[in-house]
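Take a look at the structure below.
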Amino acid sequence: MNDKIAVVGAGMMGGAIIKSLIKSGYKGKITAVDIQPERLQEQEKLGVAVTTDPRKAAGDSDIIFIVVKPNDMEKVLKNINHETKGKLVISVAATVPLKFVKKFIPEAKAVRIMPNVGALVQASYTAYSCDPNVTAKDKEKVKALLNMMGICEEVDEKYMDAITALSGSGPGYLSIIIEALMYAGLKVGLPRNIALSSSAQTVLGTGKLVIELQEHPAKIKDMVTTPGGTTIEAIYELEGSQIRQSLMRAVEEAAKKSQQIREKLGFNAE
Ligand SMILES: NC(=O)c1ccc[n+]([C@@H]2O[C@H](COP(=O)([O-])OP(=O)(O)OC[C@H]3O[C@@H](n4cnc5c(N)ncnc54)[C@H](OP(=O)(O)O)[C@@H]3O)[C@@H](O)[C@H]2O)c1
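For our numbering, count along the sequence shown from 1 and bump the result up by 32.
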């Protein structure tokens, strides 16, 4: 695959997308677009083409990622409108529906994605939803690109608020858990660096066990719990806490917020 790609918005997430493409050895030309010169300097060092002109970059590309804040979407879409006919346009903006995107670029083949910051290390979970005019061949391209960022799954667009709340924001929640485990390590006398690396790697390994062995988390829990052993002592303590309910509530509130932001910004309006 060597389509020319423009990434409009080379901030936190746009930068992560570019990095994952480069790390995967993507063969086609990549152009980073941003209005912040220092962002472009960073991208230039990575060896990609840079510009401050979204329309020119879109015109010169086959696939366009739009990775600006939801508030900036309308401006960018209006700007690139005439350069999108028949092209794949991949919107990364949280809360912005495909219908809103299509209103400004009706001749594009639009895809909405929700990655997470794991894309920086090619470990994103990315959900994607496609406009009906995205063909099976286009979807193969989208999947190939998203797999360079981690793993991906096609979902019905109605799940995007929930996905945003769970995996989009998830690195925030898991960082709290890793931090808490690190402090637990300090509490039982581990040096700081060992407490941190053992906590982070344990979270990573548990996720890999669930995904690669396709095991239910309860099975993993069972695998490490011996009768009368150490793990059951810890699980007994955890089950007396509100940890499960706290996580459910956190994700539920984030999903509600995603919906509220969309309504507030008027993305639902016809
Ligand atoms: N960060 C995440 O973990 C994450 C996860 C999933 C989805 N997303 C989505 O990704 C999008 C970007 O988020 P982010 O965290 O990467 O934001 P960010 O770091 O602020 O990056 C956005 C970049 O786009 C630039 N920009 C604004 N208007 C532009 C225009 N007209 N043309 C070119 N560049 C323009 C911004 O410049 P200024 O700073 O001057 O505005 C900024 O450098 C958001 O819609 C967000 O919902 C983010």
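We put the beta carbon where it would ideally sit given N, CA and C, even for glycine.
### Message
Taking 6 Å as the limit, name every residue whose beta carbon sits nearer than that to some heavy atom of ligand 1, in sequence order.
### Response
Having a Cβ closer than 6 Å to some heavy atom of ligand 1 are 40, 41, 43, 44, 45, 46, 65, 66, 67, 68, 71, 86, 99, 100, 101, 102, 104, 107, 108, 124, 125, 126, 146, 147, 148, 149, 200.
### Cβ pair residue 63, residue 81 closer than 8 Å
Looking up residue 63 in the sequence shown gives position 31. Looking up residue 81 in the sequence shown gives position 49. Their beta carbons are under 8 Å apart, which means residue 63 touches residue 81 by this criterion.
### Query
Ordered along the chain, which non-local residues of its own chain (more than five positions away) have a Cβ less than 8 Å from that of residue 149?
Numbered from its first residue, the sequence shown carries residue 149 at position 117. The residues are 44, 45, 48, 156, 203.
### Query
Whose CA, out of 183, 297, 174, 164, lies closest to the CA of residue 154?
One-based indexing of the sequence shown puts residue 154 at position 122. Distances from the CA of residue 154 to each of 183, 297, 174, 164 were compared; the closest alpha carbon is that of 183.
### Query
Leaving out five residues before and five after residue 55 in sequence, what residues of the same chain have Cβ atoms less than 8 Å from its Cβ?
Taking the sequence shown and counting its residues from 1, one reaches residue 55 at position 23. Apart from sequence neighbours up to five positions away, the residues of its chain that approach residue 55 with a beta-carbon distance below 8 Å are 154, 180, ordered along the chain.
### Query
Can at least three beta-carbon pairs, one atom from the segment 69-77 and one from the segment 85-99, be found at a separation below 8 Å?
Taking one beta carbon from each stretch, the segment 69-77 and the segment 85-99 have fewer than 3 pairs nearer than 8 Å; the two do not touch.
### Query
What are the uninterrupted segments assigned as alpha helix (DSSP H) that are 4 or more residues long and contained completely in the segment 82-109, given in chain order?
Listed in chain order, the complete alpha helix (DSSP H) runs (minimum 4 residues) inside the segment 82-109 are 86-91.
### Query
Residues in its own chain within less than 6 Å of residue 162 by CB, not counting five upstream and five downstream?
Taking the first residue of the sequence shown as 1, we reach residue 162 at position 130. Cβ within range, chain order: 143.
### Message
Please report whether the beta-carbon of residue 131 lies at a distance below 8 Å from any beta-carbon of chain D.
### Response
The structure shown has no chain D; it contains just one protein chain.
### Query
Below 8 Å, can you find three or more Cβ-Cβ pairs linking the segment 119-139 to the segment 163-178?
Three or more pairs of CB atoms, one per stretch, sit closer than 8 Å, so the segment 119-139 contacts the segment 163-178.
### Task
Kindly indicate the opening and closing residues of the alpha helix (DSSP H) around residue 283.
As a working mapping, residue 283 is identified with position 251 in the sequence shown. It spans 275-296 - the alpha helix (DSSP H) in which residue 283 sits, taken as one unbroken run.
### Message
With a threshold of 6 Å on Cβ separation, who are the neighbours of residue 109 within its own chain once the five nearest residues in sequence on each side are excluded?
### Response
Within the sequence shown, the letter at position 77 stands for residue 109. Cβ neighbours of residue 109 within its own chain (closer than 6 Å, five residues either side excluded): 136, 137.
### Query
Hey, would you say residue 197 sits closer than 8 Å to residue 125, going by beta carbons?
Residue numbering aside, residue 197 sits at position 165 when the sequence shown is read from its first letter. Residue numbering aside, residue 125 sits at position 93 when the sequence shown is read from its first letter. Not closer than 8 Å, so no.
#### Entry: Secondary structure of residue 33, DSSP reduced to three states
Sequence index remark: in the sequence shown, residue 33 carries index 1 (1-based). Residue 33: coil per DSSP, three-state reduction.
### 6 Å CB neighbourhood of residue 4 in its chain, flanking five on each side removed
Outside the displayed range of the chain (33 to 302) lies residue 4, so it cannot be described from this structure.
### Where residue 260 falls: helix, strand or coil (DSSP)
Counted from its first residue, the sequence shown places residue 260 at position 228. In the three-state DSSP reduction, residue 260 falls in the coil class, being neither helix nor strand.
### Message
Would residue 119 and residue 140 qualify as a contact pair, given that the criterion is a beta-carbon distance under 8 Å?
### Response
For this step, residue 119 is matched to residue 87 along the sequence shown. For this step, residue 140 is matched to residue 108 along the sequence shown. Between residue 119 and residue 140, the C-beta spacing is below 8 Å.
### Query
Excluding sequence positions up to five away, which residues of its chain have a Cβ less than 7 Å from the Cβ of residue 115?
Mapped onto the sequence shown, residue 115 falls at position 83. These residues qualify, in order along the chain: 87, 90, 91.
### Query
Is it the case that the Cβ atoms of residue 33 and residue 61 are separated by a distance below 8 Å?
Mapped onto the sequence shown, residue 33 falls at position 1. Mapped onto the sequence shown, residue 61 falls at position 29. It is not a contact, given that the beta carbons lie outside the stated cut-off.
### Query
Closest to residue 94 by CA distance: which of 35, 246, 272 is it?
Translated into positions along the sequence shown, residue 94 becomes position 62. Nearest of 35, 246, 272 to residue 94, Cα basis: 35.
### Query
What are the complete beta strand (DSSP E) segments, minimum 3 residues, inside the segment 33-70?
37-40, 62-65, all fully within the segment 33-70.
#### Entry: Beta-carbon contacts of residue 258 that lie in its chain and below 8 Å, excluding the five residues immediately before and after
Mapped onto the sequence shown, residue 258 falls at position 226. Once the five neighbours on either side are set aside, the close Cβ partners of residue 258 are 264.
### Query
Given residue 210, which residues of its chain have a CB within under 6 Å of its CB, disregarding the five upstream and five downstream residues?
As a first step, residue 210 must be located in the sequence shown, where it is residue number 178. Once the five neighbours on either side are set aside, the close Cβ partners of residue 210 are 231, 232, 235.
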